[in-house]
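Undergrad: Okay, handing you the structure first.
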Amino acid sequence: MKPQRKTLIAISALGFAAGSALAQMSPTQPQPAPQPAPSAQPSAPPASGAPGSGGGAKYTFETLDKDNDGAISKSEASLVPTLTRAFNTLDKNRDGRIDRKEFDGVSIAK
């Protein structure tokens, strides 16, 4: 047998062996996306959540009134997208704050 033919046969055999080994390996599973680091801000409620929608944990007046002045300011409300969208509706007396009376009966999901 010629040397070129032996080399060709050896390379072919090696290729078949490698192909067989790869075929027996299980396919790789996609890795889940890394989770973002927790932030100091409250987590945003679901996009479909709205004041009055039920289910799950809720923000309380006390947790939203960060400076404990008895009202939720626009800057305090800005930490919660659902509350930001509903702010003008909830601020019945249009003083730029949501007081306890205006907040009563409102449910904002976490």
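According to the numbering used here, the sequence shown is numbered sequentially starting from 78.
In this text, a Cβ means the ideal position worked out from N, Cα and C, and glycines have one as well.
In this text the structure is predicted, and so the values were computed from the model without any measurement.
Reducing DSSP to helix, strand and coil, say where R174 ends up.
TA: Three-state result, R174: strand.
Undergrad: Out of V157, Y136, E153, point me to the one whose CA is closest to D144's CA.
TA: Per the Cα distances, E153.
Undergrad: Give the straight-line distance between the Cα atoms of D146 and A186, rounded to the nearest whole angstrom.
TA: Taking the straight line joining both Cα atoms gives about 22 Å.
Undergrad: Would S150 pass as a contact of R174 if the rule is Cβ separation under 7 Å?
TA: In contact: S150 and R174 (Cβ atoms closer than 7 Å).
Undergrad: In the structure shown, what three-state DSSP assignment does K169 receive?
TA: Note: K169 maps to coil in three-state DSSP.
Undergrad: Could you have a look at K135 and say whether DSSP puts it in helix, strand or coil?
TA: Looking at K135 - three-state DSSP - the assignment turns out to be strand.
Undergrad: Going along the chain, which residues of its own chain have a beta-carbon closer than 8 Å to the beta-carbon of S155, five neighbours each way excluded?
TA: Answer for S155: T161, listed in chain order.
Undergrad: Where A134 and A148 are concerned, what is the direct C-alpha to C-alpha distance, given to the nearest angstrom?
TA: A134 and A148: Cα-Cα distance of roughly 21 Å.
Undergrad: Given a cut-off of 7 Å, decide if F138 and F50 are closer than it, judged by their beta-carbon atoms.
TA: With the chain represented from 78 up to 187, any question about residue 50 goes unanswered, as that position is not in the structure.
Undergrad: With DSSP as the reference, please indicate the residues paired to S150 in a beta bridge.
TA: Partner(s): R174.
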